[in-house]
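Which chain is which? The protein sequence lines are A and B, in order. Following the working numbering, the numbering of the first sequence begins with 12 at its first residue and continues without gaps. Following the working numbering, the numbering of the second sequence begins with 606 at its first residue and continues without gaps. Backbone N, C-alpha and C fix where the C-beta goes; we use that ideal spot for every residue, glycine too. Comments concern the structure below.
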Amino acid sequence: MTSSPTLIAADGDQPPRLAHLDDYERYGRQMIIEPFGLQGQLRLQNASVLVVGAGGLGCPALQYLAAAGVGKITIVDHDTVDLSNLQRQILHTEARIGTNKAESATIALRQLNSLITVTPYPHALTSANAPALLAAHDIALDCTDNAPTRYLLSDTAARARIPLVSGAAQQLAGHIAVLALGTDGPCYRCVFPRPPPPALQSSCAETGILGAVVGVIGALQALEAVKILSGIADAAEQPRMLFYDALAAPPFRSVKLRPRRKDCAACGEPGARAMLDKDYIRFCGGPRPDWLRLGMLADAGTDRLCAAEVRECIGQLGACVLDVRPRAEFGICRLPSSTHAPLDAVVADPHAHVPVGATDVLVVCRLGNDSQVAADAIRAARIDGVRVRDLVGGLRAWAREVDPEFPVY
Amino acid sequence: MTAQPRPEITVLYFAAASSATGRTHECIELPKTPFPLRDLAGFLSSRYPNTTLRKVLERSQWSVDAEMVPEEEVNDLTLSGGEEIGIICPVSGG
């Protein structure tokens with residue numbers, strides 16, 4: 012049998028095919044990059060990624076993973092979409108407020124790419140479900156918003172040696188690192204053996220976050236996952252943690268990490284591995300305080316006033332309203348004739364913030380917690396003829412009980 | 606004859622450390638050399654009284670010249686000036 016030189020090469024010489032003909036057009040822009048190529052796309056198509064958290068970090072990360080054609084994506088989140096999320100959690104919509112975030116993100120990703128498999132897991136990550144969830148995926152992304160889940164996720168990934176792309180951000184800064192990579196990559200516990208104290212484990216809701224900052228970190232997480240899954244990452248590279256600060260110059264800095272610690276309780280040598288405390292919340296110093304509830308606590312006979320009582324006092328002779336919120340928050344909205352006196356300044360020098368002639372000091376803040384601290388500090392200064400009281404539930408209660416037009420943020 | 610300038614280090618404040626100090630970096634004269642790294646937390650905290658910096662430093666890691674320093678090596682390290690010190694504190698938000 013003779014063959015013509017004009018015929019196409021036999022099947023054995025043909026490169027493997029992507030799953031759909033359209034995939035060549037869809038992914039062409041990344042496949043023509045030299046180290047990526049068809050091979051990179053095929054690997055993505057066969058890869059599975061677990062994304063824990065479909066919030067500020069998870070949304071941009073998921074968007075790029077799905078767009079790039081990662082074959083199987085599982086989204087873990089037990090929380091529901093809230094209006095205050097939409098400023099940064101870019102997969103969710105006004106119409107899906109109240110929907111579970113894993114479900115909402117799944118809807119968005121299916122609209123973006125119908126040829127990949129996206130599975131929502133609308134539950135919290137726990138010690139019980141984490142091992143099986145991780146074992147079913149090639150790589151995991153830590154897009155969570157709290158320290159206990161970060162340690163749980165890292166401990167589980169480190170023991171199973173499943174690479175974990177860890178991202179975190181708040182206010183104007185964030186960091187990202189690939190953990191538990193290969194045989195010697197460090198885990199989160201190797202880098203941060205002790206969790207931050209609960210008072211410093213603030214969430215984005217409490218301390219704020221600029222949307223594009225989580226966007227930067229989330230996009231970098233997707234990029235690191237794509238690099239590893241497609242095989243273009245340099246495996247010999249020493250692990251690093253990359254830090255981003257939107258206002259610093261330069262905004263990016265990276266720090267080399269040491270290899271896995273031999274004495275790490277999660278991923279150290281077998282003898283060093285401790286039975287990890289399954290109660291990650293306790294390990295991280297207890298539950299995150301419920302500031303909304305704590306600000307509403309008022310025992311009978313204490314010097315706390317409800318919003319209606321504060322309204323009666325305002326404008327009376329000798330009354331003085333001290334607002335102890337940070338400057339930016341005082342700039343958003345405030346009670347008429349209130350004076351700004353930030354908490355730290357009041358605690359450091361109470362006398363300086365009580366005007367001469369004031370007999371009735373009314374302290375207010377956002378939720379009614381800082382106002383108690385400030386009121387206690389002023390009382391402790393024992394200023395003659397001055398009565399100090401504070402607003403139960405803060406300005407949030409004022410808006411609810413006295414002035415429905417008062418802005419709530 | 607002019608006095609020798611005191612040796613300086615550059616301190617990078619990240620995340621909570623930046624919030625506490627209100628700056629992202631600064632150059633600081635070392636009070637003496639060699640200066641033990643383990644004394645740096647106390648020295649920096651004293652420059653920012655009435656801030657959360659002391660608390661932040663209790664749970665932070667150090668980097669020296671862009672390399673993380675494991676906790677067990679902190680006691681052995683001294684600074685002689687010219688180093689770039691990072692305060693690496695975990696961020697939990699996301």
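Distance from the CA atom of residue 313 of chain A to the CA atom of residue 406 of chain A, rounded to whole angstroms, is 19 angstroms. Each of B/689, B/694, B/686 and B/699 was checked against the Cα of residue 96 of chain A, and the nearest Cα belongs to B/699.
Using a Cβ-Cβ cut-off of 7 angstroms, residue 625 of chain B does not count as an interface residue toward chain A, since no Cβ of chain A sits closer than that to its own. Within the same chain, 418 and 420 come within 7 angstroms of residue 343 of chain A by CB-CB distance, once the 5 residues on both sides are set aside.
Counting C-beta atoms within 10 angstroms of its own C-beta, residue 289 of chain A has fewer than 16 neighbours from the protein chains shown and is therefore classed as exposed. In the DSSP annotation of this structure, the continuous segment of the beta strand (DSSP E) that includes residue 129 of chain A starts and ends at 128-132. A straight line joining the alpha-carbon of residue 319 of chain A with that of residue 615 of chain B spans about 52 angstroms. Within the model, the alpha-carbon separation for residue 174 of chain A versus residue 664 of chain B is close to 25 angstroms. Using a Cβ-Cβ cut-off of 7 angstroms, residue 675 of chain B counts as an interface residue toward chain A, since at least one Cβ of chain A sits closer than that to its own. With 16 or more other Cβ atoms from the protein chains shown falling within 10 Å of its own Cβ, residue 291 of chain A counts as buried.
Nearest in C-alpha terms to residue 91 of chain A, of all of A/133, A/83 and A/84, is A/133. The stretch 141-151 of chain A makes no contact with the stretch 682-698 of chain B; the number of CB pairs closer than 8 angstroms stays below 3. In the assembly as shown, residue 680 of chain B is an exposed residue. Its beta-carbon has fewer than 16 other beta-carbons within 10 Å. When 8 angstroms is used as the limit between beta carbons, residue 265 of chain A is near these residues of chain B: 671, in chain order. Residue pairing for residue 350 of chain A: DSSP places it in a beta bridge opposite A/333. Chain-order list of chain B residues neighbouring residue 61 of chain A: empty, with the shortest C-beta distance near 15 angstroms, by a criterion of under 8 angstroms. Per DSSP, the unbroken beta strand (DSSP E) holding residue 252 of chain A starts and ends at 251-256. Per DSSP, the unbroken alpha helix (DSSP H) holding residue 35 of chain A starts and ends at 33-42.
In the three-state DSSP reduction, residue 29 of chain A falls in the coil class, being neither helix nor strand. Among the CB atoms of chain A, none fall inside 7 angstroms of the CB of residue 615 of chain B.
Between residue 86 of chain A and residue 62 of chain A, the gap from beta carbon to beta carbon is short of 7 angstroms.
Against chain B, the CB of residue 207 of chain A has a partner CB under 7 angstroms away; the residue lies at that interface. If you check each beta-carbon in the stretch 253-283 of chain A against every beta-carbon of chain B, the ones closer than 8 angstroms belong to 254, 256, 258, 259, 260, 264, 265, 266, 267, 268, 269 and 272. Secondary structure within the stretch 71-134 of chain A: the beta strand (DSSP E) runs of 3 or more consecutive residues, fully enclosed, are 83-87 and 128-132 (chain order).
Of all residues in the stretch 292-325 of chain A, none places a beta-carbon less than 7 angstroms from a beta-carbon of chain B. Taking 7 angstroms as the CB threshold, residue 68 of chain A lines the interface with chain B.
Judged by pairs of C-beta atoms under 8 angstroms, the stretch 322-333 of chain A does not touch the stretch 225-244 of chain A, as fewer than three such pairs exist.
For residue 341 of chain A, no beta strand (DSSP E) encloses it; the enclosing alpha helix (DSSP H) starts and ends at 338-343. Bounds of the beta strand (DSSP E) holding residue 400 of chain A are 398-402. Pairing residue 611 of chain B with residue 635 of chain B, the inter-Cα distance amounts to about 7 angstroms. Taking 7 angstroms as the cut-off, the beta carbon of residue 192 of chain A is found no closer than this to the beta carbon of residue 303 of chain A.
For residue 614 of chain B, the secondary structure class from DSSP, reduced to helix, strand or coil, is strand. Beta-bridge partners assigned by DSSP to residue 667 of chain B: B/674 and B/692. Around residue 391 of chain A, the same chain offers 361 as residues with beta carbons nearer than 8 angstroms, after the five sequence neighbours per side are excluded. Bridge partners of residue 364 of chain A according to DSSP: none are assigned. Residue nearest to residue 649 of chain B within the set B/609, B/676, B/696 and B/625 is B/625 (criterion: CA-CA distance).
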